[in-house]
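Have a look at the structure below before the remarks.
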Amino acid sequence: MSDEILKVNIGGYPAELPILPLPSGIKIAFFNLHGDQKLTEHCGKVLATYLSDCDVLITAESKGLQLTHVVARELNQPFYAVARKTKKLYMQDGIEVMIKSSITTGEIQKLFLSKHDVALIKGKRVGIIDDVVSTGNSLEGLEEIVAKAGGIIQKKAFVLAEGDAEYRKDIIYLAHIPIM
4 MSDEILKVNI GGYPAELPIL PLPSGIKIAF FNLHGDQKLT EHCGKVLATY
54 LSDCDVLITA ESKGLQLTHV VARELNQPFY AVARKTKKLY MQDGIEVMIK
104 SSITTGEIQK LFLSKHDVAL IKGKRVGIID DVVSTGNSLE GLEEIVAKAG
154 GIIQKKAFVL AEGDAEYRKD IIYLAHIPIM
């Protein structure tokens, strides 16, 4: 692991992100909510203030899960939808979409949504939540699955906008990080 770090203020929360090289040769500031209860709570509570007009939330596994859990709790929403990257046994009657590779995975993936989550989204104002938006490929997959489920995208919220994503006018984010 690199000793380089990027200091960033995430909606009033100071964080230090390690700078890591990707196989492509670019470097990114690595952001990981897994296991960081205090940061996850902070980010979820701040994002919830922007998403109060959403009827239901959706995220893709796995880094957005605990973040979306906090936002749903703050908005008093008992359920949120989870787009999975593998088709689980209980999802045989759900829907799926193909997504282009993201900056960190580098490969084409699928997203799967259970019948329960399709019903949860249908006809509702949906808030898409994830940890980082960069190329927008994962976001496009979530947008497609919401549309296929019959939902109406109300907001798209992220903790961080990476690289040129900071110039997007259709998203909410708490801080920007560069691609190096």
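Here the numbering used here = 1-based position in the sequence shown + 3.
The beta-carbon is built from N, C-alpha and C at its ideal position, and this holds for glycine as well.
I need the boundaries of the alpha helix (DSSP H) containing Q112, first residue and last residue. Annotation: Q112 is outside any alpha helix (DSSP H); the continuous beta strand (DSSP E) that includes it extends over 112-116.
When you compare each of R76, E77, G144, L9 to M101 by their alpha carbons, which one comes out closest? Of the residues R76, E77, G144, L9, the one whose Cα lies closest to the Cα of M101 is G144.
Q69 vs T89 beta-carbon contact at 8 Å: No; because the gap between Cβ atoms is not below 8 Å, this pair is not in contact.
Assigned secondary structure, N79 (DSSP; H/G/I helix, E/B strand, else coil): Three-state DSSP puts N79 in coil, outside helix and strand.
At what residues does the alpha helix (DSSP H) containing E184 begin and finish? Residue 184 is absent from the structure shown; the chain starts at 4 and stops at 183.
Looking only at DSSP bridge pairs, what is V100 linked to? According to DSSP, which records beta bridges pairwise, V100 is partnered with L114.
Taking only heavy atoms of the ligand HEM into account, decide whether any of them is closer than 7 Å to the Cβ of V100. What this structure holds is no ligand at all, so the ligand HEM is not there to describe.
Which of the three DSSP states is assigned to I124 in this structure? Taken through DSSP and simplified to helix, strand or coil, I124 comes out as helix.
Bridge partners of Y170, per DSSP? DSSP lists no partner for Y170.
Given that a residue counts as buried once 16 or more other Cβ atoms are within 10 Å of its Cβ, and exposed if not, what is F82? Answer is exposed; the Cβ neighbour count stays below 16.
Among L36, H45, Y93, E146, whose alpha-carbon lies nearest the alpha-carbon of L60? Ranking the options by Cα distance to L60, first place goes to E146.
Chain-order list of residues whose beta-carbon lies under 7 Å from that of I148 (same chain, five-residue window excluded): Once the five neighbours on either side are set aside, the close Cβ partners of I148 are A86, I98, V100, L114, L116.
Determine the DSSP secondary structure at Q40, reduced to helix, strand or coil. Q40 carries a helical assignment under DSSP once its states are collapsed to helix, strand and coil.
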